[in-house]
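Only one structure is covered here, and it is reproduced in the block below.
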Amino acid sequence: MNATIIPSILLDEIPLPQRGSWPATVHRFDKNSAWAVRAALAAQRPLLVRGEPGSGNSQLARAAAEVLKRLFVAEVVHARSESQDLQWRFDALGRLGDAQAMGTGHHSPEEVRRRLDQRNYLSPGALWWVFNWHSAVAQHERGGGQTARPQPPAGWSPGKGCVLLIDEIDKAEADLPNGLLETLGNGAFTVPWLDEPVSAAEGTPTPLVVITTNEERELPAAFVRRCLVLNLQMPKSEHEFTAALIARGKLHFKQRCADDVYRNAAGQLWQDRQVAEDQGLQGPGHAEYIDLLRVVVTLEDDPTKQPALLGKVQDFALRKHPPAG
């Protein structure tokens, strides 16, 4: 990889086209996050991105994939996720249904064995796709395409590599990050019913793995030690905080939004954030600010009328909690 590719785009706006359920948007790397990506690529270690919701931690992975011309694969973790889900999934219910259906017909033992072969109900998980694309495609077709297949960008080939986003890992139990650490450390994992482990294909770059956490649950210390860590902290002073919001807003909406709206919305968000924090609650952040601006530019395309509209709609986007007392 060209070592200068990430820093070279620091001042550029990076359009992110729609990828599956991920909507089209735009991203700009700051110096710190760009160097964090470079460091993770060089160390061949996962990049753990800490930050409150809406701070751009998930989008960073998409932007890195776009700049590096790599395939973007994403897995959103939930409370029931297990480390195995990132490797492979098995459709036990589908196999049971087929077994019951075949039991009512006239099928030879060989037909039953062939149809109910466990490999016919096996689907590749996110790690399988980024470790060995050709093997994952073959298994995806054999398993009947039961899960979504990642959509490569135009001109992509497995030799160009992948970026894997594991989003909101803090929602899972500790077994998931611990299992993930073992898989990434080995560069391979075993799958029942297969003769050989799934491992990184020869001649392909090590996947860039970006893992996000919203700090809802403490991650295992051993897991954190094996990651590079990027902390996306919101500025602490009002001036720096509102300036960061305004810059991000203009990145998305440019001249479609009045300067007074950018400024007044940022100031109101800062005030509402202080009230929420005084109550021990999570305050609004970047995501709420962008939502509010989107409401304004969607409902009123005349910038001279937008400030009045802002006053009518801002509470719905910024004040998430009932007033104290």
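Everything in the sequence shown is counted per the UniProt record's numbering, starting at 1 for the first residue and increasing by one.
For each residue, glycine too, the CB sits at the ideal point set by N, CA and C.
Exercise. Apart from the five residues on each side of it in sequence, which residues of its chain come closer than 8 Å, Cβ to Cβ, to histidine 321?
Worked result: Taken in chain order, the residues that qualify are Ala276, Gln279 and Leu281.
Exercise. Where does tryptophan 129 sit, in a helix, a strand or coil, going by DSSP?
Worked result: In the three-state reduction of the DSSP assignment, tryptophan 129 falls in the helix class, which pools H, G and I.
Exercise. Sorted by chain position, which residues of the same chain lie with C-beta nearer than 7 Å to alanine 63's C-beta, five sequence neighbours on each side aside?
Worked result: Sequence-distant Cβ neighbours of alanine 63 in its own chain, meaning closer than 7 Å and more than five residues away, are Ile14, Leu16, His27 and Phe29.
Exercise. Anyone know if the C-beta pair for leucine 176 and serine 81 falls short of 8 Å?
Worked result: Their beta carbons are under 8 Å apart, which means leucine 176 touches serine 81 by this criterion.
Exercise. Beta strand (DSSP E) containing isoleucine 14: first to last residue?
Worked result: Counting along the chain, isoleucine 14 sits inside the beta strand (DSSP E) bounded by residues 14-16.
Exercise. Considering only residues of the segment 94-161, which uninterrupted alpha helix (DSSP H) runs meet the minimum length of 4 residues and lie entirely inside it, listed in chain order?
Worked result: Within the segment 94-161, the alpha helix (DSSP H) runs of at least 4 residues that lie entirely inside it are, in chain order, 109-115, 126-131 and 133-142.
For this session: Output the distance between the C-alpha atoms of lysine 312 and leucine 164, rounded to the nearest integer angstrom.
Result: Rounded to whole angstroms, lysine 312 to leucine 164 spans 41 Å at the Cα level.
For this session: Could you have a look at alanine 175 and say whether DSSP puts it in helix, strand or coil?
Result: For clarity, residue 175 is aspartate in the given sequence; the question names alanine instead. The answer is helix: DSSP assigns aspartate 175 an H, G or I state.
For this session: For alanine 24, collect the residues of the same chain with a Cβ closer than 7 Å to its Cβ; drop the 5 residues on either side in sequence, then sort them by chain order.
Result: The beta carbon of alanine 24 sits closer than 7 Å to those of Leu16, Pro17 and Gln18, all from its chain and outside the five residues before and after it, given in chain order.
Exercise. Does DSSP classify alanine 74 as helix, strand or coil?
Worked result: The three-state reading of DSSP puts alanine 74 in strand, counting E and B together.
Exercise. When DSSP labels each residue in this structure, what does alanine 188 get in the three-state scheme?
Worked result: Looking at alanine 188 - three-state DSSP - the assignment turns out to be strand.
For this session: Using 10 angstroms around the beta-carbon of phenylalanine 316, count the other beta-carbons present and answer buried if the total reaches 16, otherwise exposed.
Result: Taking every protein chain shown into account, the CB of phenylalanine 316 has fewer than 16 other CB atoms within 10 angstroms, so this residue is exposed.
Exercise. Can the beta-carbon of glutamine 87 be found less than 8 Å from the beta-carbon of tryptophan 35?
Worked result: Contact: no.
Exercise. Is the segment 48-61 in contact with the segment 138-150, if contact means three or more CB pairs nearer than 8 Å?
Worked result: Short answer: they don't touch.
For this session: Using DSSP bridges, identify the partner residues of aspartate 167.
Result: DSSP output for aspartate 167 lists Val76 as bridge partner(s).
Problem set entry | Burial state of serine 21 (16 or more Cβ within 10 Å) | Answer is exposed; the Cβ neighbour count stays below 16.
Exercise. In whole angstroms, what is the alpha-carbon distance linking glycine 283 and glutamate 238?
Worked result: Spanning the two alpha carbons is a distance of roughly 14 Å.
Exercise. Does the beta-carbon of glycine 161 have 16 or more other beta-carbons within 10 angstroms, so that it is buried, or is it exposed?
Worked result: Its Cβ being crowded by 16 or more others within 10 Å, glycine 161 is buried.
Problem set entry | At least three beta-carbon pairs within less than 8 Å, the segment 247-257 to the segment 294-306 | Taking 8 Å as the limit for Cβ pairs, the verdict is that the segment 294-306 does touch the segment 247-257.
For this session: Run the CB neighbour count on glycine 249, radius 10 Å, all protein chains shown included, and call it buried at 16 or more, exposed below.
Result: Using a 10 angstroms sphere on the CB of glycine 249, the tally of other CB atoms reaches 16 or more, which defines it as buried.
Problem set entry | Backbone CA spacing between leucine 41 and serine 33 [nearest angstrom] | Roughly 12 Å separates the two Cα atoms.
Problem set entry | Beta-carbon proximity of residue 330 to glutamate 168, cut-off 8 Å | No answer is possible for residue 330: it lies beyond the span of the chain, which begins at 1 and ends at 325.
For this session: May I ask you to report which of helix, strand or coil DSSP gives asparagine 231?
Result: The DSSP-derived three-state label of asparagine 231 is strand.
Exercise. Can you give the Cα-Cα distance for glutamine 314 and tyrosine 121, rounded to whole angstroms?
Worked result: Cα to Cα, the separation comes out at about 50 Å.
Exercise. Which value, in whole angstroms, describes the spacing of the CA atoms of valine 65 and glycine 159?
Worked result: Sequence inspection shows alanine at residue 65; the valine mentioned does not correspond to that position. C-alpha separation (whole angstroms): 14 Å.
For this session: Report whether the distance from the Cβ of glutamine 139 to the nearest heavy atom of the ligand COA is below 7 Å.
Result: Inclusion of the ligand COA in the displayed structure is not the case, the ligand content being empty and no account of it being possible.
Problem set entry | Beta-carbon proximity of leucine 245 to leucine 318, cut-off 8 Å | No; because the gap between Cβ atoms is not below 8 Å, this pair is not in contact.
Problem set entry | Beta-carbon proximity list for leucine 48, same chain, < 6 Å, skipping 5 on both sides | Ile211, Cys227 and Val229.
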